[in-house]
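**Q** With numbering that gives the first Met the number 0 applied, the first sequence corresponds to residues 0 to 592, in that order.
Don't be surprised by glycine CBs; every beta carbon is placed ideally from N, CA and C.
Predicted model, so just to flag it, every value in this text is computed and none were measured.
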Amino acid sequence: MNIFDDFHARIAAVLDRIAGDGRLPKLDHARFVVEPPKDTTLGDLASNAAMVFAKEAKPHFSSPRELAVEICHALAETENVASAEVAGPGFINIRLKPKIFADVLRAALRDPANFGRVAKGRASALQGKVNVEFVSANPTGPMHVGHGRGAVFGDALANLLAFSGCEVTREYYINDAGAQVDVLARSAYLRYREALGEAITIPEGLYPGDYLKPVGAALAKAHGKTLVEKPESEWLPIVRAAAIDAMMEMIRDDLAALNITHETFFSERALHEQKNGVSDIDAAIDWLRAKGLVYEGRLPPPKGQLPDDWEDREQTLFRSTQFSDDVDRALKKSDGSPTYFAADIAYHKDKIDRGYDTLVDVWGADHGGYVKRMAAAVAALSDKRVTLDVKLCQLVKLMRAGEPVKMSKRSGDFVTLREVVEEVGVDAARFMMLYRKNDAPLDFDLAKVIEQSKDNPVFYVQYAHARGKSALRQALAAFPDIDLAAESLAEADLSRLVDEGELALAKIIAQYPRAVEAAAAAHEPHRVAFYLHELASVFHSHWNRGKDQPQLRFVKADDRQLTIARIALVSSLTVVLGSGLRLLGVSAPDEMR
RNA sequence: GACCCCGUAGCUCAGCCGGAUAGAGCAACUGCCUUCUAAGCAGUAGGUCGCAGGUUCGAAUCCUGCCGGGGUCGCCA
0 MNIFDDFHAR IAAVLDRIAG DGRLPKLDHA RFVVEPPKDT TLGDLASNAA
50 MVFAKEAKPH FSSPRELAVE ICHALAETEN VASAEVAGPG FINIRLKPKI
100 FADVLRAALR DPANFGRVAK GRASALQGKV NVEFVSANPT GPMHVGHGRG
150 AVFGDALANL LAFSGCEVTR EYYINDAGAQ VDVLARSAYL RYREALGEAI
200 TIPEGLYPGD YLKPVGAALA KAHGKTLVEK PESEWLPIVR AAAIDAMMEM
250 IRDDLAALNI THETFFSERA LHEQKNGVSD IDAAIDWLRA KGLVYEGRLP
300 PPKGQLPDDW EDREQTLFRS TQFSDDVDRA LKKSDGSPTY FAADIAYHKD
350 KIDRGYDTLV DVWGADHGGY VKRMAAAVAA LSDKRVTLDV KLCQLVKLMR
400 AGEPVKMSKR SGDFVTLREV VEEVGVDAAR FMMLYRKNDA PLDFDLAKVI
450 EQSKDNPVFY VQYAHARGKS ALRQALAAFP DIDLAAESLA EADLSRLVDE
500 GELALAKIIA QYPRAVEAAA AAHEPHRVAF YLHELASVFH SHWNRGKDQP
550 QLRFVKADDR QLTIARIALV SSLTVVLGSG LRLLGVSAPD EMR
């Protein structure tokens with residue numbers, strides 16, 4: 000139940016009726032909004048409908064206010080409207096009867112799992128099949144904190160979209176082709192020889208981390224000394240495959256520690272494999288070539304700093320400029336092998352062929368320069384049917400009590416994601432990474448996120464949930480026979496909720512469906528985190544009023560019916576906190592210990 | 001040189017498909033614990049929304065140009 004949707008529809012109906020009289024043209028209802036007013040004393044809902052359509056209304060309405068007046072008159076006749084007034088240049092401010100908020104609470108209590116879910120067919124952006132590709136860390140070592148941010152972001156976004164009616168696939172693109180997995184293989188090979196008793200030194204350019212030791216040991220166990228005698232061309236594919244498998248297993252474990260699982264793992268290497276003499280990459284390039292979007296040509300040298308080894312040469316190019324990229328992009332390296340971009344084209348073509356309507360790619364900010372060409376490729380490959388939304392996650396700066404944590408990748412002395420999760424816990428790690436817009440840098444303070452105080456938003460929101468549950472326990476202690484089940488509380492006489500603090504809580508609970516929908520449509524999970532923080536704040540505030548005014552406390556030992564009504568309110572609060580935290584992948588504890 | 005992101009309170013950031021007096025947390029200051037968990041709450045103070053133009057009835061929000069910070073810039077992934 001979304002009261003904002005409800006009134007959007009009511010206003011749309013009024014506009015249609017006026018249009019039926021010939022006093023307005025057919026209007027695009029998506030242009031106006033119904034939202035909470037800036038100042039809650041103005042009412043419960045506000046709409047800009049009359050102002051947005053001022054131009055269209057001009058022939059029959061001398062001012063936006065005049066149109067607003069007519070809309071208000073019509074709305075005042077509809078259910079649960081206490082008043083509808085025009086304000087300022089033509090705002091429509093609506094005050095609702097408390098009954099509608101009681102209805103909202105009942106909706107939350109009767110179907111806790113689905114409260115806030117976006118109604119089917121509501122928003123066109125929230126339908127169909129969506130592929131969320133995230134993490135896609137190279138399988139060359141353990142995940143670090145930056146990977147973790149993209150991981151948590153992608154996972155929460157997938158949760159949100161699934162909750163909002165999309166059919167969602169979580170996907171991981173394994174970069175298991177190219178030079179760096181060969182480097183991985185050579186590094187693992189050294190560890191293999193080490194496991195056989197050789198003394199090794201790891202040269203510059205190979206991966207020095209200890210995490211390859213078990214891979215070497217496993218290889219030694221499986222192959223004995225047989226690989227030592229083979230030339231690199233023979234051992235490399237064997238070692239590489241084993242090392243990639245081991246790295247992916249490690250990465251999956253790292254992700255599992257954050258409660259993240261992907262439905263699909265897609266191998267880049269598979270795109271390079273020849274089937275009947277043709278790879279998927281060849282096929283994708285041919286497909287584009289048939290559309291006239293691939294040609295042989297020369298690229299101007301990059302401006303600014305010219306690479307040392309720049310050589311002007313003819314190459315295979317994709318006409319990404321036809322899809323508003325800045326230059327056409329190379330598809331083949333100088334040795335004739337496909338570029339990373341060419342593989343990515345084949346990969347995205349595969350996703351499009353699998354029938355997705357929307358593709359979301361979650362990348363690190365250092366890939367920003369890659370967005371335009373990928374968007375161009377998806378537009379070309381799908382004839383502009385499929386939209387690609389690339390979400391760039393900015394860097395995470397790891398801090399400890401205000402001081403940056405020193406990290407040096409060179410010495411292998413960097414803090415892994417796993418270490419962070421083990422230190423602060425899944426809940427804190429996830430919440431803090433989502434309590435920031437994805438394109439803003441994030442300071443992650445290891446000391447602060449485990450602090451149990453209101454300064455820590457994770458704790459603050461979880462504490463609100465625990466506090467709510469505590470109130471339910473207290474109610475049961477006072478009235479051992481009451482039924483705390485949500486569906487029973489839904490039958491409470493909610494007209495007993497008349498205090499302004501109680502109503503304020505009900506009103507913000509009523510905003511949950513709107514917050515979820517907006518977050519999902521914008522692909523911005525952080526909005527849910529901020530909403531929950533605000534909800535918690537309203538709750539803590541009301542709770543504390545009970546200190547000076549005992550009659551406002553949730554449990555009234557001398558008034559069973561009032562207690563049940565208030566407990567119903569608290570229960571719907573925990574429903575919403577639980578629902579929102581679940582979307583973020585953060586637990587909602589019944590008590591804080 | 002080009003492209004992308006960012007610039008909002010002392011600090012960290014919300015708000016941005018235009019809407020009413022620009023918000024929160026921290027830090028500062030003042031109050032509230034014989035408690036349904038003070039692990040919290042109430043209040044005070046703090047702003048040329050980087051600068052300058054433009055569009056509009058209306059701009060933190062959209063457009064243009066600057067300034068500052070970060071990122072990226074044939075074959076890396």
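Extract the residue ranges of the alpha helix (DSSP H) inside the region 235 to 315, only unbroken runs of 4 or more that lie entirely within it.
**A** 267 to 271, 279 to 289, all fully within the region 235 to 315.
**Q** F458: which of S135, V585, A75, S323 sits nearest, CA to CA?
**A** Checked all of S135, V585, A75, S323; the closest Cα to F458 is V585.
**Q** Would a C-beta distance cut-off of 7 Å place D253 and L416 closer than the cut-off?
**A** yes
**Q** Would you mind listing the beta strand (DSSP E) stretches within the region 412 to 462 that are 3+ residues and don't spill past its ends, in chain order?
**A** 441 to 444
**Q** So is G411 buried or exposed if we call it buried at 16+ other beta carbons inside 10 Å?
**A** At G411 the pLDDT is 49, less than 50, meaning the model places this residue with poor confidence; the figure from the coordinates comes in the next sentence. With fewer than 16 other Cβ atoms within 10 Å, it is exposed.
**Q** What do you get for M591, buried or exposed, if any count of 16 or more other CB atoms within 10 angstroms of its CB means buried?
**A** exposed
**Q** Return the chain-ordered list of same chain residues with a C-beta closer than 8 Å to the C-beta of R409, the five sequence neighbours on each side being excluded.
**A** With a pLDDT of only 48 at R409, under 50, the local geometry of the prediction cannot be trusted, and the value read off the model is given with reservation. If we look at R409 and ignore the five residues flanking it on each side, it has no Cβ neighbours.
**Q** According to DSSP, which residues form a beta bridge with A86?
**A** F90
**Q** Sort out for me which residues DSSP pairs F478 with in a bridge.
**A** F478 is not bridged to any residue.
**Q** Return the chain-ordered ranges of every beta strand (DSSP E) run that is complete within the region 494 to 534 and spans a minimum of 3 residues.
**A** none
**Q** Near V85, what residues of its chain come up, given a Cβ to Cβ distance below 8 Å and the 5 sequence neighbours on each side ignored?
**A** A49, R64, A67, V68, C71, I91, N92
**Q** For P207, name the three-state secondary structure that DSSP assigns.
**A** coil
**Q** In angstroms with no decimal places, state the Cα-to-Cα distance between A53 and L26.
**A** Distance between the alpha carbons of A53 and L26: 11 Å.
**Q** Counting C-beta neighbours from all protein chains within 10 Å, is the total for E523 16 or more, i.e. buried, or is it exposed?
**A** E523 comes out buried.
**Q** Name the two residues that bound the continuous alpha helix (DSSP H) containing Y191.
**A** 178 to 194
**Q** From W362, E267, T320, pick the residue whose C-alpha is nearest to that of G291; which is it?
**A** T320
**Q** Whose C-beta lies closer than 8 Å to the C-beta of L483 among residues of the same chain, with five residues either side of it excluded?
**A** L471, A474, L475, I566, S570
**Q** Three-state secondary structure (DSSP) at H541?
**A** helix
**Q** Starting from the Cα of I237, find the closest Cα among H222, G196, M247, E248 and give me that residue.
**A** H222
**Q** Below 8 Å on the Cβ atoms is my guess for R9 versus T77; work out the distance and round it to an integer in Å.
**A** Indeed they touch by this definition, with Cβ atoms about 6 Å apart.
**Q** Determine the extent of the beta strand (DSSP E) in which Y171 is found, giving its start and end residues.
**A** 166 to 173
**Q** How far does the beta strand (DSSP E) with E69 in it extend, from its first residue to its last?
**A** Note, E69: premise wrong, no beta strand (DSSP E); alpha helix (DSSP H) at 63 to 75.
**Q** Hey, out of L316, P213, Y172, V574, whose CA is closest to G296's CA?
**A** L316
**Q** Residues in its own chain within less than 8 Å of E193 by CB, not counting five upstream and five downstream?
**A** I199, K212, G215
**Q** V182 to N437, Cα distance in whole Å?
**A** 31 Å
**Q** Work out the CA separation of L561 and D593 for me, nearest whole Å.
**A** For the chain, the structure presents residues 0 to 592; residue 593 sits outside this window and is missing.
**Q** Could you tell me whether the Cβ atoms of L104 and A485 are closer together than 7 Å?
**A** no
**Q** Is V134 helix, strand or coil by DSSP?
**A** coil
**Q** Thinking C-alpha only, which one of A18, R22, V51, A45 is nearest A29?
**A** V51
**Q** With DSSP collapsed to three states, give me the class of E197.
**A** coil
**Q** Does the distance from the C-beta atom of R239 to that of V180 stay below 7 Å?
**A** yes
**Q** For H366, does the three-state DSSP call read helix, strand or coil?
**A** helix
**Q** Who pairs with H143 in a beta bridge, going by DSSP?
**A** Bridge partners of H143: T415.
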